[in-house]
Amino acid sequence: MAAAKATVLLVSDFPLSAMRGERAALVEQAKAFAESGHVVWVATPRASETAELRKHGVRLFEVEPSISAPESDLPVIRNSVRVRRCLGTLMLEERIDLVVTHSDFGLAAAALTTARSLELPTIHTVHGSAPVRGRTAAAMAPLARHAHRVVTGIRPTRHRFTGHPMDDARRNMAVAVCGAADVVVTPTTRQARALREAGVGPVHVVPNALGRRPVEPPPAPELGPLRLVWASRFTPDKRLDVLLNAIRLVEIRLGAHAVRVDVAGGTVPPTRTPVSVRVHGRLSSQAVHDLLLCGHAAVVCSLEHDGQPMTALEAFRDHRPVIVSDIRLASEFGSAAVLTDDETAFGLATTIIELASDRTLLRPHTAAAIEHARLATPERHTDQVLRLVAGSRSC
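Everything in the sequence shown is counted per this note's numbering, starting at 1 for the first residue and increasing by one.
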């Protein structure tokens, strides 16, 4: 399979309109397979944002949710006879060679179950999850486990990961679904380590895919303020408040025009934003790309997330490094990441002040980002994935 062209089905419970890293990873993988000459199908809940994939020749298979939840990032699709029958028909009629799942819920479980019944090879991708803690989350953990079993038809495992009930419940959902796949992959070494410790094996580290840029990204601007880009969902784990507080400290030290930060992903009341910050709301991937090309670096403030932030990979593709607060994330990206002095707003502000005062400090990190982009080709990603499947089938 590694040498021949394949027909690949990518599956996610998250709609294409969801602003989530899992969705972005699936879209980029679909584009990578298509750019490498493979036939690509994507199965997701019904969504309106399909133009990007259709432009690359990707074919879409939309599944009606079992329970409609307007504006939800996770419509409920059960691993039901109806869903398995629809997926089975698609797999047979389109002669699917490989099924790759990107979520841990009902549609992914149905795809893995159906593919196994048809003796088709499967890969399950574990993207990791953000910390979900507190008393309310702990109280909801048993309900979440039960709901996952009802939706997927798979009994969750009961491993202890962090000692926080909802964190452990969410990770055990991923471990349970891994058992339905032939091959398990994850984009980070730390997530792979956690899965192996939970008894999943073997687990392969495969960085998230990135499609090509049609033109070479230009160098970062030489004049004007230090320009940074923060693009993510507006959820507590992304720590936008840390960024805003850091920029307030930067403005106290350097004034209001030494740095400009473009924020994408939601809205913030103007009274809450420092002068140096521009909030753009939700943007398309192309619009975020345009911001990165006008900037010097991306910023990722999240902590304790075992996934691989797509914002960082998109920055590398645009030849821009990423400023990170999490030392574990910095170790994953090497010199393409700029680690802040510490995890606080003060630590982030200190790093930004240093970079704004001496922009040459970014040069080695920019060079590492360019090298990362050079190595992260669609062909390299798809070849790695297909070789894993071929290896599992030869065992």
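Beta carbons: idealized from backbone N, C-alpha and C, even for Gly. The structure displayed is predicted, hence computed values, not measured ones.
Opening and closing residue of the alpha helix (DSSP H) in which D167 lies: 165–178
Whole beta strand (DSSP E) elements within the stretch 227–264, 3-residue minimum: 259–264
Determine the closest residue to E216 out of H56, I370, T271, with distance taken between C-alpha atoms. I370
DSSP state of P45, grouped into three classes? strand
For P236, count neighbouring Cβ atoms within 10 angstroms of its own Cβ and tell me buried if that reaches 16, exposed if not. exposed
Do you know whose CA, among E379, V261, D326, lies nearest H296's CA? V261
So who's on the other strand from T122, going by DSSP bridges? V99
Could you check where the beta strand (DSSP E) with F33 kicks off and where it finishes? No beta strand (DSSP E) holds F33; the alpha helix (DSSP H) holding it covers 21–35.
Just to confirm, is the Cβ distance from F61 to V42 under 8 Å? Result yes, Cβ atoms of F61 and V42 sit closer than 8 Å.
Between which two residues does the beta strand (DSSP E) holding F61 run? 59–63 is the extent of the beta strand (DSSP E) around F61.
Bridge-paired residues (DSSP) for A18: DSSP lists no partner for A18.
If we ignore side chains and look at the alpha-carbon of each, how far apart do R145 and A169 end up? The alpha-carbon atoms of R145 and A169 are separated by roughly 6 Å.
Report the rounded CA-to-CA distance for A109 versus G179, giving the unit in angstroms. 10 Å
Would you call the stretch 368–384 and the stretch 198–216 in contact, with 3 or more CB pairs under 8 Å? yes
Assigned exposure category for P218 - 16 Cβ within 10 Å defines buried: Counting the other CB atoms within 10 Å of its CB gives P218 a total below 16, which places it among the exposed residues.
Given a cut-off of 8 Å, decide if L283 and A264 are closer than it, judged by their beta-carbon atoms. yes
Tell whether a beta-carbon distance below 8 Å holds between T122 and R84. Result no, Cβ atoms of T122 and R84 do not sit closer than 8 Å.
Please classify P45 as buried or exposed, where buried requires at least 16 neighbouring CB atoms within 10 angstroms. buried
Cβ neighbour criterion (16 or more within 10 Å) applied to Q191: Buried, by the Cβ-count rule.
Using 8 Å as the threshold, is the stretch 194–204 in touch with the stretch 222–239, meaning 3 or more CB pairs across them? no
Give me the Cα-Cα distance between M1 and D97, rounded to the nearest whole angstrom. With a pLDDT of only 49 at M1, under the threshold of 50, the placement of this residue in the model should not be trusted; the figure read from the coordinates follows. Taking the straight line joining both Cα atoms gives about 9 Å.
Does the Cβ of F61 lie closer than 7 Å to at least one heavy atom of the ligand MG? Looking for the ligand MG in the displayed structure turns up nothing, as the structure carries no ligands at all.
Hey, is the stretch 18–37 in contact with the stretch 309–322, meaning 3+ C-beta pairs nearer than 8 Å? Contact holds between the stretch 18–37 and the stretch 309–322, because three or more Cβ pairs, one in each stretch, are under 8 Å apart.
Got a sec? Which residues, its chain only, sit under 6 Å from E5 by beta carbon, not counting five neighbours each side? Sequence check: residue 5 is Lys here, not Glu. For K5, where only same-chain residues beyond five positions count, the Cβ hits under 6 Å are G37, H38.
Between the alpha carbons of R328 and V81, how many angstroms are there, rounded? If you take the alpha carbons of R328 and V81, they lie about 42 Å apart.
Identify whether T189 lies in helix, strand or coil by the three-state DSSP scheme. helix
Go ahead and pull the three-state DSSP assignment for A2. Confidence in A2 is poor, its pLDDT being 47 and thus under 50, which makes the residue's placement too unreliable to answer from.
With distance defined between alpha-carbon atoms, name the residue in L292, P269, E49 nearest to G281. Of L292, P269, E49, the residue nearest in Cα terms is P269.
Below 8 Å on the Cβ atoms is my contact criterion, and I expect M173 with A138 to pass it. Report the Cβ-Cβ distance as a whole number of Å. Incorrect: roughly 16 Å between the Cβ atoms, too far for contact.
Those residues which DSSP pairs with H204 across a bridge: V185
Buried or exposed: where does K238 fall if 16 or more other Cβ atoms within 10 Å of its Cβ makes it buried? Counting Cβ neighbours within 10 Å, K238 comes out buried, since at least 16 surround it.
Report the residue ranges of all alpha helix (DSSP H) runs contained in full by the stretch 337–373; include only those spanning at least 4 residues, in chain order. For the alpha helix (DSSP H) assignment, the uninterrupted runs of no fewer than 4 residues enclosed by the stretch 337–373 are, from N- to C-terminal side, 345–357.
Suppose you measure from the CA of V132 to the CA of R171; what does that come to, to the nearest Å? 11 Å
Counted within 10 angstroms of its Cβ, other Cβ atoms place V279 as buried (16 or more) or exposed: buried
DSSP has L9 in a bridge; who is on the other side? W41, V99
I need the DSSP call for A287, collapsed to helix, strand or coil. In the structure shown, the three-state DSSP call for A287 is helix.
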